[in-house]
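Engineer: Protein sequence lines correspond, in order, to chains A and B.
In this text, residue positions in the first sequence follow my numbering: the first is 224, and each later residue adds one.
In this text, residue positions in the second sequence follow my numbering: the first is 280, and each later residue adds one.
Glycine included, each C-beta is placed from N, C-alpha and C at the ideal position.
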Amino acid sequence: MVHIVLFTIFALIAVAGAVNLIAQRHPINSALSLIVVMASLAVEYLLLGAEFLAVIQVIIYAGAIMVLFVFTIMLLNAGEEERTHGSRVALLLGVPGLILGGGTLAWLLFRHSGTVAVAAGALPGFPKEIGRLLFRDFLLPFEVTSVLILIAIMGAVVLASPPKGAQEPIELPPAPQGEE
Amino acid sequence: MQGTVSLTQFVVISILKIAIGLGALLTLDAYTVLAERKIVGRIQNRWGPSRVGPFGLLQPVADAFKLLFKEDITPPYVYKPLYLLAPVLALALSLCSIAVIPIGNDITIRGYTTALQITDINVGLLVILGITSIGVYGVALAGWSSNNKYSLLGSLRASAQMISYEVALGLSLVGVLILSGTFSLRGIVDAQAGTWIIRGFNTHIPQWNIFPQFVGFLIYLTAAYAETNRIPFDLPEAETELVAGYHTEYSSMKFAMFFMAEYANMITVACLASLLFLGGWHGPLFGPPLMQALLPVFWFTLRVFFFLFLYIWIRGTLPRFRYDQLMAFSWKVLLPLAIANIVIISLVVALTS
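(1) State buried or exposed for V290 (chain B), treating a residue as buried only when at least 16 other CB atoms are found within 10 Å of its CB.
(2) Which term fits Q281 (chain B), buried or exposed, when burial requires 16 or more other beta carbons within 10 angstroms of its beta carbon?
(3) Any Cβ of chain B within less than 9 Å of the Cβ of F349 (chain A)?
(4) Using a C-beta cutoff of 9 Å, does F556 (chain B) count as contacting chain A?
(5) Whose C-alpha, out of B:S434, B:R325, B:A371, is nearest the C-alpha of V290 (chain A)?
(6) How many Å lie between E402 (chain A) and R599 (chain B) at the Cα?
(7) Measuring CA to CA, which of A:A273, A:A234, A:L270 is closest to V259 (chain A)?
(8) Would you mind stating whether E445 (chain B) and T393 (chain B) have Cβ atoms separated by less than 9 Å?
(9) Identify every residue that forms a DSSP beta bridge with F480 (chain B).
(10) Determine, using beta-carbon pairs with one atom in the region 372-384 of chain B and one in the region 562-581 of chain B, whether at least three such pairs fall under 8 Å.
(11) Would you kindly check if the distance between the Cβ of I498 (chain B) and the Cβ of L432 (chain B) is under 9 Å?
(12) What three-state label does DSSP hand T387 (chain B) in the structure shown?
(13) DSSP three-state call for T393 (chain B): helix, strand or coil?
(14) Can you tell me which of A:Y268, A:V312, A:S253, A:P364 puts its alpha carbon nearest to the alpha carbon of V229 (chain A)?
(15) Once the 5 residues before and after S625 (chain B) are set aside, which same chain residues still bring their CB inside 8 Å of it?
(16) State yes or no: is the beta carbon of I442 (chain B) nearer than 9 Å to at least one beta carbon in chain A?
(17) For the structure I just gave you, are there three or more beta carbon pairs, one from the region 237-250 of chain A and one from the region 299-309 of chain A, closer than 8 Å?
(18) In three-state terms, what does DSSP make of E403 (chain A)?
(19) L448 (chain B) to I413 (chain B), Cα distance in whole Å?
(20) Taking buried to mean at least 16 other C-beta atoms within 10 Å of its own C-beta, is G524 (chain B) buried or exposed?
(21) Leaving out five residues before and five after Y310 (chain B) in sequence, what residues of the same chain have Cβ atoms less than 7 Å from its Cβ?
(22) Does W592 (chain B) pass the burial test, meaning 16 or more other C-beta atoms within 10 Å, or should it be called exposed?
(23) Give the secondary structure of P397 (chain A) by DSSP, where H, G and I count as helix, E and B as strand, and everything else as coil.
(24) I'd like to know if M280 (chain B) contacts chain A, where contact means its C-beta is closer than 9 Å to some C-beta of that chain.
(25) Would you decide whether L368 (chain B) is buried or exposed? Buried here means 16 or more other CB atoms lie within 10 Å of its CB.
(26) Starting from the beta carbon of S438 (chain B), find every residue of chain A whose beta carbon is closer than 7 Å, and list them in chain order.
(27) Could you check where the alpha helix (DSSP H) with S329 (chain B) kicks off and where it finishes?
(28) Taking beta-carbon pairs under 7 Å, can you tell me which members of the region 372-396 of chain B lie near chain A?
(29) In the DSSP assignment, the alpha helix (DSSP H) including V468 (chain B) goes from what residue to what residue?
(30) By the criterion of Cβ-Cβ separation under 7 Å, what are the contact partners of G286 (chain A) in chain B?
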């Protein structure tokens, strides 16, 4: 009973945060709404008994990734966005598409749920089990994913570095000697 | 955890524990400030506060009243929602960590056994790391929403520094986790009971993690100082360059909230150091039953006070880093050291077990 009440509260907070993320005009408000969504998702994991996953969700998403988002927004000093009326195509195609996609998803979930009921906390996902899955059963996909992320990082470095000869590096004044 | 208690009993006991825990933390918070002023005073060859009450012991009360009754100024052109949210966030998150910190063994009162900790969860250590990682937002948002260059620079420095040192901090704890095999703070302390027995020879040295993990301990201590923005890593509020950094525009109680958050973080970090590396509440037990029940809490508090004293001592001794030195130190010294430490301890554990 307590579980259902808490689940509903945090599900509503997550959805409200997601809507707010799109509705807000200031990027930093949107980023903060995303943090709210992620935090309430973590609470949902916690309600399912997956303590480890919940905390990892907070550390990785809310704590690391979103800090970088906020950091970037602060550095760019991005201002408020202008409100536009939106495009007609998006309205004509988007709304039916949204209804169709959402309906299909809801129908599929409704259809296939309830066959096997898993009690809350039945699959707790202890760190040991998750580690065994990641580093033994799914070792190859896990390592390949990390290579994929490495490629993305290298791509970002290549994109960010100036082309050869295009720009002289800024001369920094020599650091004071004898302090290090 | 609790065997046969009703929901009401559980709620009442939890609320009691939260009230006592918060009360103790806030009192310690206030007196850490006084201790800092006193000890730094002695280091600088002066008395420190000595006028309010005996030995200046009522100084925190006077400070609190002063801050409460000061004019609360909200400067124009700040982004108000976040400007107001930031100090609340900083303080609330720093107080949250106390929830998972155990301060002693189970105690039994009138047949009801309870742990000396607000809640014991399996991933206690990770919860503290998670709360610390979210704590960056308080500082970051404060600086950004103040609409002040010094504040923004201070908060950018703070976020960069906290993210960088969090990596070293997290990695320095892996050695402890490998040795004890659990994320639960209570489990980690229990794993440090007894003495080191090497090849059947009792060395009479307590089985604390600091001995096999001395490098990890030093990395943790350094990274923890940086996490809490304390001298010598207090670049975010370097007053000679940035006025006061991210809290330049805050006055009265809002400023006090940042101040309290900083000291609460110090206490959390000191608690964590005692639990992870110095064997938590283990120590000699003697005397009547009541004394035996309270001695673990005393030993634990002693360790926490030692770390708080170390904090203040270092503050009174060391000058501030330069910013590039600070970042280079984290990425080029602490991080490789922490990774090497993990590799070595993993090899040792794998080969000996």
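Structural biologist: On the basis of the coordinates in this document:
(1) Locating residue 290 (chain B) in the second sequence gives position 11, counting from the first residue. Its Cβ having fewer than 16 others within 10 Å, V290 (chain B) is exposed.
(2) For the purposes of this step, residue 281 (chain B) is taken as residue 2 along the second sequence, with counting starting at 1. Here Q281 (chain B) scores only 44 on pLDDT, less than 50, and its place in the model is too uncertain to base an answer on.
(3) Within the first sequence, residue 349 (chain A) is the residue found at index 126, counting from 1. Interface residue, yes.
(4) Here residue 556 (chain B) is taken as the residue at index 277 of the second sequence, counted from 1. No, no contact with chain A.
(5) Position 67 of the first sequence, counting from 1, holds the residue named residue 290 (chain A). Checking every option, the nearest Cα to that of V290 (chain A) belongs to B:S434.
(6) Taking the first residue of the first sequence as 1, we reach residue 402 (chain A) at position 179. Taking the first residue of the second sequence as 1, we reach residue 599 (chain B) at position 320. Caution is warranted here: a pLDDT of 47 is assigned to E402 (chain A), below 50, making its placement in the model unreliable, and the coordinate value is therefore given only provisionally. Distance between the alpha carbons of E402 (chain A) and R599 (chain B): 12 Å.
(7) Locating residue 259 (chain A) in the first sequence gives position 36, counting from the first residue. Closest option to V259 (chain A), Cα to Cα, is A:A234.
(8) Within the second sequence, the letter at position 166 stands for residue 445 (chain B). Within the second sequence, the letter at position 114 stands for residue 393 (chain B). For E445 (chain B) and T393 (chain B), no; Cβs fall outside 9 Å.
(9) Walking along the second sequence from the start, residue 480 (chain B) turns up at place 201. BP columns for F480 (chain B) point to B:I477.
(10) With the cut-off at 8 Å, the region 372-384 of chain B and the region 562-581 of chain B touch.
(11) Walking along the second sequence from the start, residue 432 (chain B) turns up at place 153. Walking along the second sequence from the start, residue 498 (chain B) turns up at place 219. For L432 (chain B) and I498 (chain B), no; Cβs fall outside 9 Å.
(12) Along the second sequence, one-based indexing puts residue 387 (chain B) at 108. Looking at T387 (chain B) - three-state DSSP - the assignment turns out to be strand.
(13) Translated into positions along the second sequence, residue 393 (chain B) becomes position 114. T393 (chain B): strand per DSSP, three-state reduction.
(14) As a position in the first sequence, residue 229 (chain A) is number 6, starting the count at 1. In the sequence under discussion, the amino acid at residue 229 (chain A) is Leu, which differs from the Val named in the question. Nearest C-alpha to L229 (chain A): A:Y268.
(15) For the purposes of this step, residue 625 (chain B) is identified with residue 346 of the second sequence, where counting begins at 1. The answer, listed in chain order, is I457.
(16) Taking the second sequence and counting its residues from 1, the one referred to as residue 442 (chain B) is at position 163. Judged by the 9 Å Cβ criterion, I442 (chain B) is in contact with chain A.
(17) yes
(18) Within the first sequence, the letter at position 180 stands for residue 403 (chain A). Any reading at E403 (chain A) must be qualified, since the residue scores a pLDDT of 45, below 50, and its modelled position is unreliable; the value itself is stated next. In this structure, E403 (chain A) counts as coil in the three-state DSSP scheme.
(19) In the second sequence, counting from the first residue as 1, residue 448 (chain B) sits at position 169. In the second sequence, counting from the first residue as 1, residue 413 (chain B) sits at position 134. Taken atom to atom, the span from the alpha-carbon of L448 (chain B) to that of I413 (chain B) is near 15 Å.
(20) If you number the second sequence from 1, residue 524 (chain B) lands on position 245. Buried is the call here.
(21) The sequence position of residue 310 (chain B) within the second sequence is 31, counting from 1. Same-chain partners within the cutoff: P339.
(22) Residue mapping note: residue 592 (chain B) aligns to position 313 of the second sequence, counting from 1. The residue in question, W592 (chain B), is exposed, as its Cβ has fewer than 16 Cβ neighbours within 10 Å.
(23) Locating residue 397 (chain A) in the first sequence gives position 174, counting from the first residue. The answer is coil: DSSP assigns P397 (chain A) none of H, G, I, E or B.
(24) Within the second sequence, the letter at position 1 stands for residue 280 (chain B). For M280 (chain B), the predicted model reports a pLDDT of 43, less than 50, meaning its position is unreliable; a value from the coordinates is still stated below. Not closer than 9 Å to any Cβ of chain A, the Cβ of M280 (chain B) fails to qualify, so no.
(25) In the second sequence, counting from the first residue as 1, residue 368 (chain B) sits at position 89. So L368 (chain B) ends up on the buried side.
(26) Position 159 of the second sequence, counting from 1, holds the residue named residue 438 (chain B). Per Cβ cutoff of 7 Å: V290, F294.
(27) Start at 1 with the first residue of the second sequence, and residue 329 (chain B) comes out as number 50. S329 (chain B) -> no alpha helix (DSSP H), and no H or E assigned at all.
(28) none
(29) The residue labelled residue 468 (chain B) in the question sits at position 189 within the second sequence. Its alpha helix (DSSP H) spans residues 464-469.
(30) Your numbering for residue 286 (chain A) matches position 63 in the first sequence. Within chain B, the residues near G286 (chain A) are G409, S412, I413.
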